[in-house]
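Engineer: Residue numbers (my numbering), protein chains in the order written: chain A, 16 to 235; chain B, 16 to 235.
2 protein chains.
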Amino acid sequence: MSRSEQAWQIMRDAILSGRLGPGTALKTSDLQDLCGMSVSPVREALARLVATGLVTAEHNRGYHVASLSADDLNDLVATRIREESWALQRSIELGDEMWEARIISSLHIIQRLPREKPTDPILYDRQWELRHADFHQALISECGSKVTLAFCHTLRDQNDHYRRLSLTVENGRRNAGEEHNDIAQAAINRDAKKAVDALAQHYNETARYLLETANEGLLR
Amino acid sequence: MSRSEQAWQIMRDAILSGRLGPGTALKTSDLQDLCGMSVSPVREALARLVATGLVTAEHNRGYHVASLSADDLNDLVATRIREESWALQRSIELGDEMWEARIISSLHIIQRLPREKPTDPILYDRQWELRHADFHQALISECGSKVTLAFCHTLRDQNDHYRRLSLTVENGRRNAGEEHNDIAQAAINRDAKKAVDALAQHYNETARYLLETANEGLLR
DNA sequence: AAGCGCAATATTTTCGAAAATAATATGGAT
DNA sequence: ATCCATATTATTTTCGAAAATATTGCGCTT
Numbered sequence: 016m017s018r019s020e021q022a023w024q025i026m027r028d029a030i031l032s033g034r035l036g037p038g039t040a041l042k043t044s045d046l047q048d049l050c051g052m053s054v055s056p057v058r059e060a061l062a063r064l065v066a067t068g069l070v071t072a073e074h075n076r077g078y079h080v081a082s083l084s085a086d087d088l089n090d091l092v093a094t095r096i097r098e099e100s101w102a103l104q105r106s107i108e109l110g111d112e113m114w115e116a117r118i119i120s121s122l123h124i125i126q127r128l129p130r131e132k133p134t135d136p137i138l139y140d141r142q143w144e145l146r147h148a149d150f151h152q153a154l155i156s157e158c159g160s161k162v163t164l165a166f167c168h169t170l171r172d173q174n175d176h177y178r179r180l181s182l183t184v185e186n187g188r189r190n191a192g193e194e195h196n197d198i199a200q201a202a203i204n205r206d207a208k209k210a211v212d213a214l215a216q217h218y219n220e221t222a223r224y225l226l227e228t229a230n231e232g233l234l235r
Numbered sequence: 016m017s018r019s020e021q022a023w024q025i026m027r028d029a030i031l032s033g034r035l036g037p038g039t040a041l042k043t044s045d046l047q048d049l050c051g052m053s054v055s056p057v058r059e060a061l062a063r064l065v066a067t068g069l070v071t072a073e074h075n076r077g078y079h080v081a082s083l084s085a086d087d088l089n090d091l092v093a094t095r096i097r098e099e100s101w102a103l104q105r106s107i108e109l110g111d112e113m114w115e116a117r118i119i120s121s122l123h124i125i126q127r128l129p130r131e132k133p134t135d136p137i138l139y140d141r142q143w144e145l146r147h148a149d150f151h152q153a154l155i156s157e158c159g160s161k162v163t164l165a166f167c168h169t170l171r172d173q174n175d176h177y178r179r180l181s182l183t184v185e186n187g188r189r190n191a192g193e194e195h196n197d198i199a200q201a202a203i204n205r206d207a208k209k210a211v212d213a214l215a216q217h218y219n220e221t222a223r224y225l226l227e228t229a230n231e232g233l234l235r
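1. Using a C-beta to C-beta distance shorter than 8 angstroms, which residues of chain B count as neighbours of residue 160(A)?
2. Between which two residues does the alpha helix (DSSP H) harbouring residue 74(B) extend?
3. Tell me the start and end of each unbroken alpha helix (DSSP H) in the segment 179 to 230 of chain A that is at least 4 residues and wholly inside, in chain order.
4. Can you give the beta carbon distance from residue 64(A) to residue 26(A), rounded, assuming they're within the 8 angstroms contact cut?
5. Please report the distance separating the alpha-carbon of residue 95(B) from that of residue 18(B).
6. Tell me which residues share the same chain as residue 59(B) and place their Cβ nearer than 6 angstroms to its Cβ, disregarding the 5 neighbours each side in the sequence.
7. Here's a check: name, in chain order, each residue in its chain whose Cβ is nearer than 6 angstroms to the Cβ of residue 72(A), leaving out the five neighbours to either side.
8. Let me make sure I understand the geometry here. Which of 91(A), 50(A) and 55(A) has the alpha-carbon closest to that of residue 219(A)?
9. What are the partner residues of residue 35(A), as DSSP defines its beta bridges?
10. Residues in the same chain with beta-carbon distance under 8 angstroms from residue 128(A), minus the five sequence neighbours each way, listed in chain order, please.
11. For residue 86(B), report the span of its alpha helix (DSSP H) as first-last.
12. Are residue 194(A) and residue 217(A) close, meaning C-beta to C-beta below 8 angstroms?
13. Decide if residue 173(A) is buried, meaning its Cβ has at least 16 other Cβ atoms within 10 Å, or exposed.
14. Between residue 148(B) and residue 181(B), is the Cβ-Cβ spacing less than 8 angstroms?
15. Under 9 angstroms Cβ-Cβ, which residues of chain B neighbour residue 66(A)?
16. Near residue 223(B), what residues of its chain come up, given a Cβ to Cβ distance below 8 angstroms and the 5 sequence neighbours on each side ignored?
17. Have a look at residue 155(A) and residue 157(B) and give me their C-alpha separation to the nearest angstrom.
18. Compute the Euclidean distance between the alpha carbons of residue 185(B) and residue 37(B), then round it to the nearest angstrom.
19. According to the neighbour-count rule (16 or more other Cβ atoms, all chains shown, within 10 Å of its Cβ), is residue 53(A) buried or exposed?
20. Could you check what DSSP says for residue 156(A) in three-state terms: helix, strand or coil?
21. Find the nearest neighbour of residue 179(B) within the set 98(B), 119(B) and 82(B), judged by alpha-carbon distance.
22. How long is the line joining the alpha carbons of residue 80(A) and residue 209(B), rounded to whole angstroms?
23. Here's the rule I'm using: 16 or more other beta-carbon atoms within 10 Å means buried, otherwise exposed. How should residue 109(B) be labelled?
24. Counting only the same chain and skipping the five closest in sequence on each side, list residues whose C-beta sits under 6 angstroms from that of residue 213(B).
25. I'd like to know whether the C-beta atoms of residue 153(A) and residue 121(A) end up nearer to each other than 8 angstroms.
26. Take residue 105(A) as the anchor and find which of 226(A), 93(A), 89(A) and 161(A) has the nearest alpha-carbon.
27. Does DSSP put residue 41(A) in a helix, a strand or coil?
28. From the DSSP secondary-structure annotation, give me the bridge partner or partners of residue 80(B).
29. From the DSSP output, which residues share a beta bridge with residue 234(A)?
30. List the whole-angstrom C-beta distance separating residue 125(A) from residue 203(A), where the pair is believed to meet the contact cut-off of C-beta under 8 angstroms.
31. By how many angstroms is the C-alpha of residue 170(B) removed from the C-alpha of residue 88(A)?
32. Measuring alpha carbon to alpha carbon, tell me which of 68(A), 76(A) and 51(A) ends up nearest residue 15(A).
33. So what does DSSP say about residue 53(B), is it helix, strand or coil?
34. Which of the three DSSP states, helix, strand or coil, is assigned to residue 16(B)?
35. Could you check the C-alpha separation between residue 116(A) and residue 101(A) for me, to the nearest Å?
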């Protein structure tokens, strides 16, 4: 793997885990230390993070971890529901047995994967996050629109940043297992309306929960 | 303006004008000559172009100008219609007089701005393209969703790459003035259905025209 | 004490060359 | 002649330092 890709992973991880909190100034010298490499690959990686919205850039004034706000989260979630609803609906029309199988398999995995205990003050279960992303990706994967899928991907990335709001509080995360189940069932039964409703509720609930339990200091 | 921004403009221009055709391999040494600077800002700029979809990157194998295909154009246009329809509808609900004024003013400008004659074998009217973008941006600007607007922006950028398909043929471009007029009128009359229909037709017509007159050699 | 200009410092951005990787050419075996 | 291994070349990626730009601290005036 190239250095710039390493740097991307390291920094992305640091941001999503909260080691680099929202709004933090990202000095290149510090990042070089963190990633153990020279400035070039670090900058390359920063450019990618800017593209996905995890980092903001100001000309000649460096980079900052994107800041979080309730307004932005609401915008994000509403847009995500709109996009993924469309994509899920189309996937229900177009998806074949392989599509169903991918949903069932990825659902199974997140149900079996217990989330890590919040022993760490900074709790961040990367494994769960990856598998969770797989599940939601599987649902919409057969929508037939490459650009839409790419957009959903960046929306998911930005949304994951907001998960950080709750990961610092005691209880970790609410149990969303049942919601996942409902979505998957409805999708495989080709019940588009039910599936879309369940998906929307899942995202809305998650957002509501995040804002409720949010550590105020993390919101702009 | 920083060097990397200069490089971005120069390369973007070269791609949209067709001087760097779809699929062209982008050697850093050539790009350094083209932009008159070192490799760092060139790479920085390439990263931005990758983010907007005008350029593709392959690890350790450099960069290429994005290639064009009928399938991708259809995906692009369908998605653009879906997104902008939503955004236009919301803008019609939320927009104030300033919104109307911006539409009227930007429409006026593109109507008065005559497109350059196709004397150049490589014809590319940057001025018109900018003003055209302004008009479509104005229509959706009051939708209230930052992420949606950002997405529409990248869709527009990718779409502009496809305009290249017709710019090499004799007649330049069909007259879309009337279509612009219809959209603007309906929007300002707050007739959402009519406005959305006119917008969709405008984009569909443009895509159909592009694919009809396309120089086959440019399509993958 | 508050505001301003200027020097000192910190940081970002860019450069030119070195290292790492991929593409191409060369030569020998079958 | 064709195929494979190896050497050569071309290209991308990374480095460490220099240049450009922004920030901070200090003494001065009002």
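Beta carbons are placed, not taken as given, at the ideal position from N, Cα and C, and that holds for glycine. No experiment lies behind these values; they were computed from the predicted model shown.
Structural biologist: Reading off the structure:
1. By 1-based counting over the first sequence, the position of residue 160(A) is 145. Against residue 160(A), the close residues of chain B are 90, 93 and 94, in the order they occur along the chain (beta-carbon pairs closer than 8 angstroms).
2. Within the second sequence, residue 74(B) is the residue found at index 59, counting from 1. Element bounds for residue 74(B): n/a, residue is neither H nor E.
3. Scanning the segment 179 to 230 of chain A from its first residue to its last, the whole alpha helix (DSSP H) runs of 4-plus residues come out as 192 to 203 and 207 to 228.
4. Sequence index remark: in the first sequence, residue 64(A) carries index 49 (1-based). Sequence index remark: in the first sequence, residue 26(A) carries index 11 (1-based). At roughly 6 angstroms, the Cβ-Cβ gap stays under 8 angstroms, so residue 64(A) and residue 26(A) are in contact.
5. On the second sequence, position 80 is the one that residue 95(B) refers to. On the second sequence, position 3 is the one that residue 18(B) refers to. Rounded to whole angstroms, residue 95(B) and residue 18(B) show a C-alpha spacing of 32 angstroms.
6. Working through the second sequence from its first residue, we reach residue 59(B) at position 44. In the same chain as residue 59(B), and ignoring 5 residues on each side of it, the C-beta atoms closer than 6 angstroms to its own belong to 19, in chain order.
7. The residue you call residue 72(A) lines up with position 57 of the first sequence. Excluding sequence neighbours, residue 72(A) sits near 65 and 78.
8. Taking the first residue of the first sequence as position 1, residue 219(A) is located at position 204. Here the closest residue by C-alpha is 91(A).
9. In the first sequence, the residue the question calls residue 35(A) occupies position 20. DSSP lists no partner for residue 35(A).
10. If you number the first sequence from 1, residue 128(A) lands on position 113. Only 142, 143 and 146 meet the Cβ criterion.
11. In the second sequence, the residue the question calls residue 86(B) occupies position 71. For residue 86(B), the enclosing alpha helix (DSSP H) covers residues 85 to 109.
12. For the purposes of this step, residue 194(A) is identified with residue 179 of the first sequence, where counting begins at 1. For the purposes of this step, residue 217(A) is identified with residue 202 of the first sequence, where counting begins at 1. It is a contact, given that the beta carbons lie within the stated cut-off.
13. Your numbering for residue 173(A) matches position 158 in the first sequence. Counting Cβ neighbours within 10 Å, residue 173(A) comes out buried, since at least 16 surround it.
14. As a first step, residue 148(B) is located in the second sequence; it is residue number 133 there, counting from the start. As a first step, residue 181(B) is located in the second sequence; it is residue number 166 there, counting from the start. Cβ atoms of residue 148(B) and residue 181(B): not closer than 8 angstroms.
15. The residue labelled residue 66(A) in the question sits at position 51 within the first sequence. What residue 66(A) touches in chain B: 62, 63, 65, 66 and 67.
16. Start at 1 with the first residue of the second sequence, and residue 223(B) comes out as number 208. Once the five neighbours on either side are set aside, residue 223(B) has no close Cβ partner at all.
17. As a position in the first sequence, residue 155(A) is number 140, starting the count at 1. As a position in the second sequence, residue 157(B) is number 142, starting the count at 1. Taking the straight line joining both Cα atoms gives about 29 angstroms.
18. Counting from 1 along the second sequence, the entry for residue 185(B) is found at position 170. Counting from 1 along the second sequence, the entry for residue 37(B) is found at position 22. Unreliable placement is indicated for residue 185(B), whose pLDDT of 47 sits below 50; the coordinate value is still reported in the next sentence. Cα-Cα distance, rounded: 20 angstroms.
19. Along the first sequence, one-based indexing puts residue 53(A) at 38. Residue 53(A) comes out exposed.
20. Here residue 156(A) is taken as the residue at index 141 of the first sequence, counted from 1. Reduced to three states, the DSSP call for residue 156(A) is coil.
21. Here the question's residue 179(B) lines up with position 164 in the second sequence. With distances taken between Cα atoms, residue 179(B) lies closest to 82(B).
22. In the first sequence, the residue the question calls residue 80(A) occupies position 65. In the second sequence, the residue the question calls residue 209(B) occupies position 194. Rounded to whole angstroms, residue 80(A) and residue 209(B) show a C-alpha spacing of 42 angstroms.
23. Looking up residue 109(B) in the second sequence gives position 94. Flag for residue 109(B) reads exposed.
24. Working through the second sequence from its first residue, we reach residue 213(B) at position 198. Hits under 6 angstroms: 197, 198 and 201.
25. Mapped onto the first sequence, residue 153(A) falls at position 138. Mapped onto the first sequence, residue 121(A) falls at position 106. Yes. Within cutoff.
26. Indexing the first sequence from 1 puts residue 105(A) at position 90. Minimum Cα distance to residue 105(A) is reached at 161(A).
27. Walking along the first sequence from the start, residue 41(A) turns up at place 26. In the three-state DSSP reduction, residue 41(A) falls in the strand class (E or B).
28. Position 65 of the second sequence holds residue 80(B). Residue pairing by DSSP puts residue 80(B) in a beta bridge opposite 70(B).
29. Reading the first sequence from its first residue, position 219 is the one you call residue 234(A). In the DSSP output, where bridge partners are listed per residue, residue 234(A) has 83(A).
30. Position 110 of the first sequence, counting from 1, holds the residue named residue 125(A). Position 188 of the first sequence, counting from 1, holds the residue named residue 203(A). That pair is no contact at about 16 angstroms.
31. Counting from 1 along the first sequence, the entry for residue 88(A) is found at position 73. Counting from 1 along the second sequence, the entry for residue 170(B) is found at position 155. Using only the alpha carbons, I get a separation of about 22 angstroms.
32. The first residue shown for chain A is 16 and the last is 235, placing residue 15(A) beyond what the model contains.
33. To locate residue 53(B), count along the second sequence from 1; it is residue 38. Of the three classes helix, strand and coil, the one that applies to residue 53(B) here is coil, per DSSP.
34. On the second sequence, residue 16(B) is found 1 positions in, with the first residue counted as 1. Taken through DSSP and simplified to helix, strand or coil, residue 16(B) comes out as coil.
35. As a position in the first sequence, residue 116(A) is number 101, starting the count at 1. As a position in the first sequence, residue 101(A) is number 86, starting the count at 1. Take the alpha-carbon of residue 116(A) and the one of residue 101(A): they are about 21 angstroms apart.
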